[in-house]
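A short worksheet on the structure shown next.
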Amino acid sequence: MSSSAIPYSTIRMEGASVAEFSWDIRSPLDRALVAGPYGAQGKAGVSLTEIHNFDLAQVMARRGKAGEMIAAAKARFSAAAPETPRAVSAADATLIWSGPDQFLVLSKGGKHSIEALAAGFAGSASLSDQSHARALISVSGDKARAMLAKLSSIDLHPSVFAVGAAAATSMDHTSVTLWRGKDRDGQAVFNLLVFATFAESLWHTILDSAAEYGVTIGHSDELA
Amino acid sequence: MAGDQANRLTSGGLIDRSTALSFRFDGKNFLGFKGDTLASALVANGVRLVGRSFKYHRPRGILTAGSEEPNALVELRSGARREPNTKATTAELYEGLEAASQNRWPSLNFDVMSVNQLFAPIFVAGFYYKTFMWPAKFWEAIYEPAIRRAAGLGRASGVSDPDHYDKAWAHCDVVIAGSGPAGLAAALAAARSGARVILCEEDFVLGGRLLADGGTIDGLPAAEWVARAVAELEAMPDVRIMTRTSLFGVYDGGTYGAIERVNDHLPVPPEHQVRQRLWRIVAKRCVVAAGAIERPIVFAGNDTPGVMMASAMRSYINRYAAAPARRIALFTNNEDGWRTADTAIAAGLQVAAVIDARADVSPAHRSLASKGGFPVLHGSVSAVEGGKGGVRKISVSLTGGARAEVEADGLAVSGGWNPAVGLTSYHRGRPKWRDDIAAFVPDGAPPGMVAAGAANGAFGLGACLREGFEAGAAAARDAGRSGNIGSMPVADDAAFSLTPLWHVAGKCKAFVDQQHDVTASDVELAQREGFQSVEHLKRYTTLGMATDQGKTSNVAGLAIMAAVSGKSIPETGTTIYRPPYVPVAIGAFAGHHRDENFHATRLTPSHHWAAEQGAIFVDTGLWKRAQWYPRPGEKDWLESVTREVKAVRGGVGFCDVSTLGKIDVHGPDAGAFLDRVYINAFSSLAVGKARYGLMLREDGIVYDDGTTSRLAEDHYFLTTTTAKAGLVMQHLEFCRQVLFPELDVQLTSVSDQWAQFSIAGPKTRDLLKEIIDPAEDLSNDGFPFMGAREVKLRGGLKARLFRISFSGEMAFEISVPARYGEAMARNLMIAGKPFGVTPYGTEALGVMRIEKGHVAGPELNGTTTAGDLGLGKMMSTKKDFVGRVMAGREALTAPSRQVVVGIKPTDKARRLRSGAHIIPKDETPGPENDQGYVTSVCFSPVLDQWIGLGLVERGRERIGEIVLAHDPLRGEDYDVELCNPVFYDPDGGRQRG
Amino acid sequence: MRITCPFCGERELGEFTYLGDAKPQRPAADAGEDAVYDYVYLRDNIAGVMSEHWYHGGGCRAWLKVTRNTLTHEISAVEAAAGAGAAKVGA
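Residue numbers (our numbering), protein chains in the order written: chain A, 1 to 224; chain B, 1001 to 1993; chain C, 2001 to 2091.
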């Protein structure tokens, strides 16, 4: 069981009839993800990391208020929120375009949870909590693009999908949010937000696609 | 002798003589070399007879050396991997390869069915249509099985394919089909321009015809030039060279289909690897450098083993160092065919004669003939003597009428070349006729595509390089790349002179389509019988409809048709070209999507907990839902479900209902928006309250239903049915963006954000008090029926609580963020233990909703109105909403409509079945007396009998009437009573209690 | 087929859902049954250039108006629905 930064995640509490509850938090990939090597042996061509326990808020501008929403974002994150398919790194959050006049705020530790964001965007945007609606998978390695080509119809060539590029797209007929994070160890990193109830199924599809390249699987509490 | 590579030439070829490979064909052991195809290895071993033909079981040999092969089809591999109709000419040899000939019984040499030949006069075009007409019943029972045994090709393995396939996307500026001189030149020009290039080659070696015909390019031997070109391309990071890959189709918007045979050249794919991969290539431009296919001349006995395309003979001799024959005759109508005579002589083989249909032969060839000591006969082949052992003697009709005979063990044939016009014609393009080469060439192409080289009718080596290079450069330029393309490769062009000859009239069978056994006389007969259009000719004779798609036969068929109808070939025209260019395994199209991966699967937040409890799961759309939770000793599902229902009605139970679609509706106009999409009002709903809503399609038919709660002034939480979740989201976005864009409303799917559980039964509050913070008031006053608000759980976690009931019991639905869903299920079990809490599945859910008369999918079936469901009074008259006007139409409000009513058998012991039709008592069952049908049934533990809901004409007016349930599917007729659909607690006291 | 979403760029067909003719406008609330009947049921079967509603459900969830030639599948224009995103429509 993963630890969580969310305060009430593993609090134990006695009920009225002295029953003990634990509110364990479980990632939708909790059962399916087995850390370690997978598939072909040798140097792993694909590295898969699930990121646990993040806050994710959908911010959607109200009619005629896109400018105000951008200004509110600027005030909060000191960054220009994406108005085209891009992911913008702010100091302690990533703002990912998710559609016209809307973006996702990805952060950790409750700092930009929906409750924290509410006041700043009041009147300019509608907020919807998506923290539990998605699983976050980070894909890297020499063969990351070859593997993703089996799942994604998006052209991920470096000249087309540079660092910071994002796409609201589909994999295996399932909606995903895909963006390229900062390179790590000289290698491209692709981040995938997938819907929680599809996550296990998509995970197996990802493993099947990656197996021939050799995979190393892990999880992390840190955002890429 | 077979088995010892007796026909392997002592030198030459692109085979690796240091790597011998053993293989089996029809149970016999042979040796070949790495670099062989199965066909070339059979040729090297002197095997000529490789199969029996489709209809007549005639002995057949190898006709070609490529993917156009009609005859040499084998079953490759054995067991589950047995693959029928595999072309020996493209199957790469590997150690341990096993293949078997097809369509013969009991053996290739002695085939009982070859007696079909004796009945040949009756197996003419349209034979099946004419013969097996009567009686109709005989077709399925007798005729078809018998025909299928006698005719046909290979056998499928009959078991599941153990290998994996996948699909992938690729993107580039320029995709090139074919790596012959034109393809390589195109790739060089495009790649040097800086374009992202994908070069697809169906063969396992690059070079195309250069591999067999050589030549000199830029002063270098062709092989050396190819090696240099490939090295240059491989060094460029944005060039992808894909061998064993056929570009088979072109689709709208510059999308191309390609099949990569990743591991077909190995006995079994390495672990974790796929056998084949289907590519969807998105390219700005495409250069088709797919070459041309040499075409046969149709003459009597042209299917005798040992008759082979002239170019194929050169392939076997030059590329594979395998001699198809020792004493070769050549029958040609063009200059190019003569290269086979050159090749044969250079390889030390004998040329028996050249039969040239043209009036003149070049001086160079005359001197070749005199040096080689063979005659040049002006005329054509009129018959071939030989059988399953192959060609022995060839009869020649000389120009002027005399006859001659030539003794030979092989006959090379060249009737000219047909550009491969498939890809360029796939968007209903019709190729145009060029008289100078007597062939169809592309006339335009799908957007972004251009043909170059032989595929465009340019047969000279120099012309192929030039056209390819220019096309590659232009394609890159069009894609916005402008690098220095360097110098164009140069080679000489050989002259191409041809006198068209399609068919040599004769008495014996002359085959046009060898794979489907269609003869020249079949084509003539079809024409006489009135099949004037080539499309009709094709379907009547099946010409070109086999797995080779008539690559060697279509044009000859058209030419013969043209000749008998007195039209020209271009007037006769071609059939429509359709992809795929080569057969593609269904497994490749399916890719990953088979068996448990047929579609993506959705799991509820409590799925793994339910699995631990031993739940039986049911597929509901993409979802796996717990259907019931069997306990030890329960004999069947009904016993488990009945227990679950009783536990809920008598105590408390819970069910994961997270599969319902959940949508956040935000914004100042959220209420006004919901007023327009639901038939009832939501702007008037108080904050903290929930309301059942029904939405219609614009045609007035019910679309979906669900409960929507108002959580804040500008925030509603809407739920949909499980089945319609995605569609309702799409519909609501349509309403928001297209129909009512003036409303300030925002929509977000939160289906995956919340784990939602229904907790039902008289002890629900007792259970909830264990979990929910004691400060929260759950009493009727503090949390009345249809209340909805956020509550705090013990420990501080926030949840949403809704006092709604689908079961008819005192019930709540509780939502927690999804990652707490599993904990919630566990905690409900812990908290509910003192109250006998029972998890229940979708079956019990269904039983309780039927007992309460709640409608669901079977009633919301796309034909019912709100009135039909008994919900007509919900329709507001004070506002406009989607479907309002059409719902008021006469037919949708007629009193005679079939409406929801309760149904129970008069015999309490009888099982009611859904689908049974309702017939008035004493009327004859039949469509004229059909008054509706049973939509939903269950065994009701409360009533201790089977009950159901149905849609019955004027049902609500007929409560108490006894009618007939007529079930022709199960052969049952029984009396049922129409009753109030609310079987249980009709005044609703329990859910309000 | 590929459609260039005005928000996402060029995407493959599988991300989109087709609805149909984008010409008919939903009649006003008081337009009467005949007008609504026409809107719901009457469609031209156009062999040629047509304006169509497509939904980018596998992407940004915008409804689009796509101008497409039904004979060649050529797409000559794609525009967002009036109310896509936070566009302000009307007063």
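Ideal placement from N, C-alpha and C gives every residue a C-beta, glycine not left out.
query	result
Taking CB distances under 8 Å as the criterion, tell me whether B:Thr1748 reaches chain A.	yes
How far does the beta strand (DSSP E) with B:Glu1923 in it extend, from its first residue to its last?	Where B:Glu1923 is concerned, there is no enclosing beta strand (DSSP E), given that its DSSP letter is neither H nor E.
DSSP three-state call for A:Pro292: helix, strand or coil?	Only positions 1 to 224 of chain A appear in this structure, which leaves residue 292 of chain A out of reach.
Report all residues from its chain with a CB closer than 8 Å to the CB of B:Val1011; omit the five preceding and five following residues, and keep chain order.	Per the sequence shown, the amino acid found at residue 1011 of chain B is Ser instead of Val. Excluding positions up to five away in sequence, the list reads Ala1321.
Exposed or buried, what is B:Leu1199 when buried is set at 16 or more other beta-carbons lying within 10 Å of its beta-carbon?	buried
Suppose only complete runs of 4+ residues qualify. What are the alpha helix (DSSP H) ranges in the segment 1174-1228 of chain B, listed by chain order?	1181-1192 and 1210-1213
Taking the alpha-carbon positions, what's the B:Val1645 to A:Ile206 distance?	40 Å
Taking a cut of 7 Å between CB atoms, which residues from the segment 55-67 of chain A lie near chain C?	Ala61, Arg62, Arg63, Gly64, Lys65 and Ala66
Do B:Asp1636 and B:Leu1743 have their beta-carbon atoms positioned less than 8 Å apart in this structure?	no
With a threshold of 7 Å on Cβ separation, who are the neighbours of A:Gly36 within its own chain once the five nearest residues in sequence on each side are excluded?	Ile217
In whole angstroms, give me the CA-to-CA distance for B:Ser1040 and B:Thr1089.	7 Å
Using a Cβ-Cβ cut-off of less than 7 Å, list which residues of the segment 1735-1760 of chain B approach chain C; keep chain order.	Arg1736, Gln1737, Val1738, Leu1739, Pro1741 and Glu1742
Can you check the segment 1934-1971 of chain B for any alpha helix (DSSP H) of at least 4 residues that lies completely inside it and give the ranges in chain order?	none
Quick one: which chain B residues come within Cβ less than 7 Å of A:Lys150?	Asp1166, Lys1167 and Ala1168
Does chain B have any CB closer than 8 Å to the CB of C:Val2036?	yes
Does the separation of the CB atoms of B:Gly1457 and B:Arg1434 fall below 8 Å?	yes
On the three-state DSSP scale, how would you describe C:Glu2052?	strand
Report the three-state DSSP secondary structure of C:Tyr2039 (helix, strand or coil).	helix
Does DSSP classify B:Asp1513 as helix, strand or coil?	strand
Give me the residue from B:Arg1155, B:Ala1156 and B:Ala1168 with the minimum Cα distance to A:Lys150.	B:Ala1168
Considering only DSSP beta bridges, list what A:Val215 is partnered with.	A:Tyr38 and A:Val46
Which residues in the same chain as B:Pro1986 place their Cβ atom closer than 8 Å to its Cβ, once the five residues preceding and following it in sequence are excluded?	Asn1980
Once DSSP output is grouped into helix, strand and coil, what is the label at A:Pro7?	Any reading at A:Pro7 is ruled out, since the residue's pLDDT is 39, under 50, leaving its predicted position unreliable.
In chain B, which residues lie with their C-beta within 8 Å of the C-beta of C:Met2001?	Tyr1251, Asp1252, Gly1253 and Thr1255
Counting only Cβ pairs nearer than 8 Å, list the residues of chain B close to C:Val2040.	Glu1698, Asp1699 and Met1886
Given this structure, state the Cα-to-Cα distance separating B:Leu1097 from B:Ala1080, to the nearest angstrom.	15 Å
For C:Val2089, go through chain B and note every residue whose CB falls closer than 8 Å to its CB, in chain order.	Pro1741 and Glu1742
Does B:Thr974 have its Cβ less than 8 Å from a Cβ in chain A?	Since the first residue of chain B shown is 1001 and the last is 1993, residue 974 of chain B is not available in this structure.
Based on Cα-Cα distance, which residue from B:Arg1765, B:Arg1528 and B:Ser1749 lies nearest to B:Thr1659?	B:Ser1749
Identify, in the order they occur along the chain, each residue of the same chain with its Cβ nearer than 6 Å to the Cβ of B:His1427, setting aside the five sequence neighbours on each side.	Pro1446
Relative to the C-alpha of B:Lys1689, which residue among B:Phe1812, B:Leu1377 and B:Arg1990 is closest?	B:Phe1812
Would you call C:Tyr2018 buried or exposed, if buried means 16 or more other Cβ atoms sit within 10 Å of its Cβ?	exposed
How about B:Val1391 and B:Val1504: do their beta carbons lie closer than 8 Å?	no
If you measure from the beta carbon of B:Met1001 to each beta carbon in chain A, is any gap under 8 Å?	Note that B:Met1001 has pLDDT 41, beneath the 50 cutoff, so the model's placement of it is unreliable and no number is given.
Using a Cβ cut-off of 8 Å (strictly closer), state whether B:Asp1173 contacts chain C.	no
When the Cβ atoms of the segment 1674-1693 of chain B are set against those of the segment 1835-1847 of chain B, are three or more pairs found closer than 8 Å?	no
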